[in-house]
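These notes concern the structure reproduced below.
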Amino acid sequence: MIATLLPILILLPILGFVINGAIALMTKPADGSTVVTTARNPVVTILGPGVIIAAFALAVVLFMRVRVGIPGPVVVTLGQWMVAGTLAVDWSLQLDQLSMLMVLVITGVGSLIHLFSIGYMRDDAGYARYFAYLNLFVAFMLVLVLGGSYPVMFVGWEGVGLASYLLIGFWFTEKANADAGKKAFVVNRVGDFGFLVAMFLIWTTTQTLDFVGAHAALSTMAGSPVVLAIALFLFVGCVGKSAQLPLYIWLPDAMAGPTPVSALIHAATMVTAGVYLVARAAPVFSGAPEASLVVTLVGALTALYAATIALRQWDIKKVLAYSTVSQLGYMFVGVGAGAYTAGVFHLVTHAFFKALLFLGAGSVIHAMHHAYHHTHRHDDPQDLRNMGGLAKFMPATATAMTLATLAIAGIPPLSGFFSKDEILASVILRAQGSPLATASLFGIPGQSLLYMVYGMGVLTALLTAVYMTRMLLLTFYGENRTGESERAALHEAPAIMTVPVLVLALLTVAGGWLNLPALLPLGPVGALEHWLEPVTGASTKILGGTGHLSHNTEWMLVGIATGVAVVGIVISLVLYRKPMANKTDSPVDTSLLARAYGVDALVDTLIVRPVQLVASVVLDRGVDRGVDRGFSAGGSLLARTASLMGARLQDGDVGKYAWMLAAGALALIAALTLS
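In my numbering, each residue carries its 1-based index in the sequence shown increased by 18.
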């Protein structure tokens with residue numbers, strides 16, 4: 019059954035892409051312009067979300083089969099892809115507990131985002147094109163998590179990069195949007211170079227690229243320099259795809275796309291690919307403690323760094339974008355510390371509350387845009403300074419986003435509390451005695467680094483509570499700053515948008531039950547840990563060490579995590595309880611945090627402009643135009659010379675022709691004789 023259903027699971031969104039893409043092409047104006055003038059197509063409305071919902075239903079069927087029990091990873095080979103010498107790569111899909119979990123998240127949350135998109139994009143001229151791209155995105159993400167080898171995973175890896183380029187730059191007629199799509203594409207290619215090098219090393223070392231064979235061979239080489247190199251190069255790919263320092267710069271600009279796209283990229287698909295890769299390659303990372311320390315440290319630094327920037331952002335989507343970068347850092351802390359279940363657990367809960375936050379922000383932007391359009395004002399519908407008091411007009415959205423804010427801040431018993439607390443507790447556990455604690459990085463003992471990472475994680479939790487409460491207060495509470503005339507047009511989003519938000523709110527509340535700790539036996543304890551045991555259990559034991567936390571220590575850690583979250587909320591309430599001015603009455607924020615430390619300007623100065631200068635002066639003027647002028651001048655001279663010689667020779671003198679014929683004959687006879 020699995021062998022039959024797995025290909026269909028991927029083919030469903032591909033079918034949606036093909037049909038919706040064909041509709042988009044058929045409705046394109048005959049004059050070749052890029053603006054589609056047709057109204058929303060009912061076929062697209064049904065097919066776009068329908069194929070993803072069908073894929074989710076299929077995923078549930080597969081889950082019930084895997085839940086009954088499978089002897090190991092189920093590998094389905096669809097045919098041969100390439101053969102080069104001793105290298106043979108098949109089109110293979112692999113289903114196990116980890117890929118099954120990812121498929122459920124991708125198709126489940128993806129279905130809700132597709133449904134939300136019906137209402138959000140209903141008046142957009144590119145309605146069919148939008149759903150075609152969205153279906154393509156999901157298809158490639160399924161290839162990524164179901165690929166049975168590194169090359170097949172890489173197809174999905176590059177595919178989501180392509181789809182993100184199309185979706186981020188969806189409104190490409192505006193240069194800023196097109197540039198954002200190109201930025202995401204180029205920065206990710208930098209990270210993908212590491213992934214490719216890692217594959218080359220895996221092949222030369224093990225002579226295989228499928229997960230089962232490669233991981234089995236590399237497990238016997240734990241501690242060797244080649245395993246360390248492979249793990250580090252794999253992580254370079256993760257840094258690009260999952261927006262970690264220093265390759266995070268593309269993700270905030272990804273807000274240029276439609277808001278549901280942001281929800282799909284940030285919550286359920288592309289940015290979680292790097293976390294998935296580390297969990298999938300757990301046998302590699304567990305054999306290289308130094309590489310795992312690098313993953314943990316980079317994750318902690320990214321989490322703290324992005325949280326500080328989010329403190330001073332005024333665009334509601336930019337706040338959530340830097341929040342995503344920060345929360346991804348938490349996930350890497352988990353998987354880097356060998357707590358693979360904790361990292362994946364936070365991936366799942368984050369998919370719930372971050373999708374909710376983005377879709378809720380989409381509802382807010384939808385209402386604000388409608389209100390400004392109603393009065394023909396051109397204020398920014400995404401600026402927090404233009405909002406305030408929206409809970410009166412959008413009570414359902416306000417309630418849902420309040421729950422999501424409390425979840426990401428780490429307030430029990432919401433889902434974010436359980437997953438974030440488990441990551442921080444795992445770091446302390448590893449510091450008590452494990453291969454990570456005994457390893458070192460840059461001469462610093464691993465134990466010291468782990469305690470440092472825990473401190474950064476706690477500080478990040480404090481900042482998260484501050485900036486998320488700030489966003490919530492400025493959006494939904496206090497006095498309304500939208501405008502007196504605009505207030506009459508503010509309203510709750512339509513049901514097709516509100517229902518997915520409310521479903522995600524339920525998942526945000528209940529998501530923590532997926533992996534309850536033994537300390538709080540409110541239900542099945544460690545359900546997700548038991549589920550992932552066949553895939554990540556052995557690697558977790560290798561890096562887990564022999565340390566053990568007492569109940570008193572566990573309660574202390576829970577108290578610290580909860581206390582920090584509460585303090586952060588209180589700080590934000592104190593700072594932002596006073597009325598603030600509308601954006602039009604506020605000065606431009608030029609603070610360092612508002613400018614995100616000026617990193618984009620620095621990258622533009624040190625990298626982008628020099629590259630453009632080289633391309634313009636050396637390549638364009640020096641090579642392209644120079645070679646072109648050289649060939650043109652040379653060709654012109656050759657043509658003129660040949661023309662002149664021809665004119666002199668072909669002058670009608672018969673005697674000259676006779677001498678030339680005789681000379682040619684003698685030359686031919688001489689050549690034949692001498693040869």
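Here a beta-carbon is modelled for each residue, glycine too, at the ideal position from N, C-alpha and C.
Check	Outcome
Cα-Cα separation, residue 504 to residue 490	20 Å
For residue 228, the three-state DSSP class (helix, strand or coil)	strand
Inter-residue CB distance, residue 443 and residue 575 (contact presumed, cutoff 8 Å)	5 Å
Contacts around residue 467, its chain only, beta-carbon distance under 7 Å, and the 5 residues preceding and following it disregarded	311, 315 and 459
Residue span of the beta strand (DSSP E) that contains residue 107, given as start and end	105 to 113
CB-CB length for residue 198 against residue 261, believed under 8 Å	At roughly 14 Å, the Cβ-Cβ gap does not stay under 8 Å, so residue 198 and residue 261 are not in contact.
Segment contact, 8 Å Cβ cut-off, at least three pairs: the region 485 to 502 with the region 591 to 610	yes
Burial state of residue 370 (16 or more Cβ within 10 Å)	buried
Separation of residue 480 from residue 323, as counted between CA atoms	13 Å
For residue 189, the first and last residue of its enclosing alpha helix (DSSP H)	No alpha helix (DSSP H) holds residue 189; DSSP gives it neither H nor E.
Straight-line Cα distance separating residue 105 from residue 615	47 Å
Endpoints, the alpha helix (DSSP H) within which residue 493 is located	464 to 494
Whole-angstrom distance between residue 181 and residue 31, CA atom to CA atom	13 Å
Beta bridge counterpart(s) of residue 97 as assigned by DSSP	109
Neighbourhood of residue 178 by C-beta, 7 Å cutoff - its chain only, sequence neighbours within 5 removed	155, 158, 159, 162, 287, 288 and 291
Those residues which DSSP pairs with residue 333 across a bridge	401
Pair within 7 Å by beta-carbon distance, residue 73 and residue 116	no
Sequence-distant residues of its chain with Cβ nearer than 6 Å to residue 84 (five each side left out)	118
Residues near residue 424 in its chain [Cβ-Cβ closer than 6 Å; skip 5 each side]	432
Beta carbon of residue 248 nearer than 7 Å to that of residue 300	no
Coarse secondary structure for residue 459, derived from DSSP in three states	strand
Chain-order list of residues whose beta-carbon lies under 6 Å from that of residue 201 (same chain, five-residue window excluded)	268 and 271
Beta bridge counterpart(s) of residue 102 as assigned by DSSP	105
Given 8 Å, three or more beta-carbon pairs between the region 218 to 229 and the region 166 to 176	yes
C-alpha distance - residue 246 paired with residue 464, whole-angstrom precision	16 Å
6 Å Cβ shell around residue 609 - same chain, five flanking residues per side excluded	330
Cα-Cα separation, residue 266 to residue 325	13 Å
Residue 359 vs residue 547 beta-carbon contact at 7 Å	yes
Span of the alpha helix (DSSP H) around residue 411	First-last for residue 411: undefined, no H or E at that position.
Closest residue to residue 113 among 80, 131 and 320 (Cα-Cα distance)	80
Contiguous alpha helix (DSSP H) assignments of at least 4 residues, all confined to the region 32 to 91	60 to 86
Limits of the alpha helix (DSSP H) - the one that residue 438 falls within	433 to 449
Sufficient close CB pairs (3 or more, under 8 Å) joining the region 346 to 361 to the region 394 to 410	no
Inter-residue Cα distance where the pair is residue 295 and residue 498	45 Å
First through last residue of the alpha helix (DSSP H) which encompasses residue 563	Premise fails: residue 563 is in no alpha helix (DSSP H) and is neither H nor E.
Alpha-carbon spacing of residue 223 relative to residue 302, whole angstroms	13 Å
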